[in-house]
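Note sheet for the following structure.
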Amino acid sequence: MTLLIADDNEDIRFTLSEICTYANWNTIEASTGKEALELYKALNPNLILLDYHMPYWDGLKTTKEIRKINTKTPIIILTIDERQEIADAFLQAGASDFALKPIKAPDLISRIRINLKIARLTTGDDKKVFVEKGINTSTLFSVKQTLIRQSEPVTIDGIREELPIAYQTIHRYLSYLVNKGEVEVLSQYGKQGRPKNKYRLII
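Using full-length UniProt numbering, the first residue of the sequence shown is number 1, and each one after it goes up by one.
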């Protein structure tokens with residue numbers, strides 16, 4: 001696996017490279033958005049770690065340019081900016097996930113692993129498996145991405161707040177992921193009635 005690290009700060013690039021090397025991933029580095037695009041076109045890395053604030057195209061512009069070439073390669077945005085409008089702009093541009101600076105190695109490694117896994121499951125021969133089982137790859141990807149962004153286990157209604165998908169459809173996809181061992185169900189019992197199920201992605 002080869003990861004592209006794009007950040008204008010040399011010290012941060014070094015730190016990210018060390019983290020990736022520790023997790024047995026190869027890395028290539030870019031200091032600008034334009035350089036990142038050229039390296040992407042030349043070397044086709046499996047995942048991109050992309051800084052938001054960079055000269056000669058920021059992370060948002062770079063994400064849009066990469067998505068003109070490929071819509072599947074995971075792009076994890078590195079930023080100190082926690083504003084929702086920034087996250088929405090990146091998601092609309094095609095970003096896959098976010099990692100807040102300062103970077104924490106365990107969190108970053110987990111995010112990289114799950115995004116690489118999702119990429120493998122939604123490309124290549126796995127598409128045929130999903131079609132045979134009546135699972136749409138785009139919908140599956142959307143459900144997984146929503147689970148990734150949750151800091152806590154979430155209910156089906158919580159997922160519906162982010163996705164324009166029917167309750168029954170979300171339940172079917174979650175059941176599929178549970179059977180695959182990729183999602184865990186947590187049942188919470190209240191004073192009355194049936195237990196409320198919450199779901200989280202297993203990393």
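Backbone N, C-alpha and C fix where the C-beta goes; we use that ideal spot for every residue, glycine too. The structure presented is a predicted model; accordingly, all values stated were derived computationally and were not measured.
Pair within 8 Å by beta-carbon distance, residue i and residue j
| i | j | result |
| --- | --- | --- |
| Lys159 | Gly181 | At residue 159 the sequence reads Ile, which differs from the Lys that was named. No; because the gap between Cβ atoms is not below 8 Å, this pair is not in contact. |
| Ser96 | Ile80 | no |
| Tyr167 | Val183 | no |
| Leu3 | Pro45 | yes |
| Ala93 | Leu140 | no |
| Pro153 | Leu177 | no |
Identity of the residue in the options nearest residue i by Cα
| i | options | result |
| --- | --- | --- |
| Leu165 | Pro153, Val183, Asn136, Asn24 | The displayed chain sequence assigns Ile, not Leu, to residue 165. Minimum Cα distance to Ile165 is reached at Asn136. |
| Leu49 | Lys68, Ser138, Ser17, Leu43 | Ser17 |
| Glu38 | Ala6, Thr15, Asn24, Thr21 | Ala6 |
| residue 276 | Phe90, Arg172, Ala87, Asp58 | This structure cannot settle anything about residue 276, because the visible part of the chain is limited to 1 through 203. |
| Tyr22 | Ala99, Ser151, Leu108, Ala119 | Leu108 |
| Cys20 | Glu35, Ile103, Leu121 | Ile103 |
| Gly172 | Glu152, Ser151, Leu43, Val143 | Per the sequence shown, residue 172 should be read as Arg rather than Gly. When each option's Cα is compared against that of Arg172, the closest is Val143. |
| Thr169 | Pro195, Gln188, Ser151, Ser138 | Ser138 |
| Ile118 | Ala105, Gln145, Phe98, Leu100 | Gln145 |
| Arg13 | Leu163, Lys101, Pro195 | Lys101 |
| Glu162 | Phe98, Leu91, Asn24, Glu82 | Leu91 |
| residue 267 | Ala99, Glu82, Leu121, Leu43 | Nothing in the structure corresponds to residue 267, since the chain is present only between 1 and 203. |
| Phe98 | Ser151, Glu35, Glu10, Asn179 | Ser151 |
| Asn24 | Lys196, Arg120, Met1 | Met1 |
For residue j and residue i, believed in contact at Cβ under 8 Å, the rounded distance
| i | j | result |
| --- | --- | --- |
| Leu174 | Ile156 | 7 Å |
| Lys41 | Ile69 | 7 Å |
| Leu47 | Thr73 | 7 Å |
Segment contact, 8 Å Cβ cut-off, at least three pairs: the segment 25 to 44 with the segment 53 to 60: yes
Segment contact flag, the segment 57 to 68 with the segment 96 to 115, C-beta cutoff 8 Å, min 3 pairs: no
Those runs of the beta strand (DSSP E) which lie wholly inside the UniProt domain "Response regulatory" (2 to 116) and span at least 3 residues: 2 to 6, 26 to 30, 47 to 51, 75 to 79, 97 to 100
Residue ranges of each beta strand (DSSP E) within the segment 151 to 188, 3 or longer: 183 to 188
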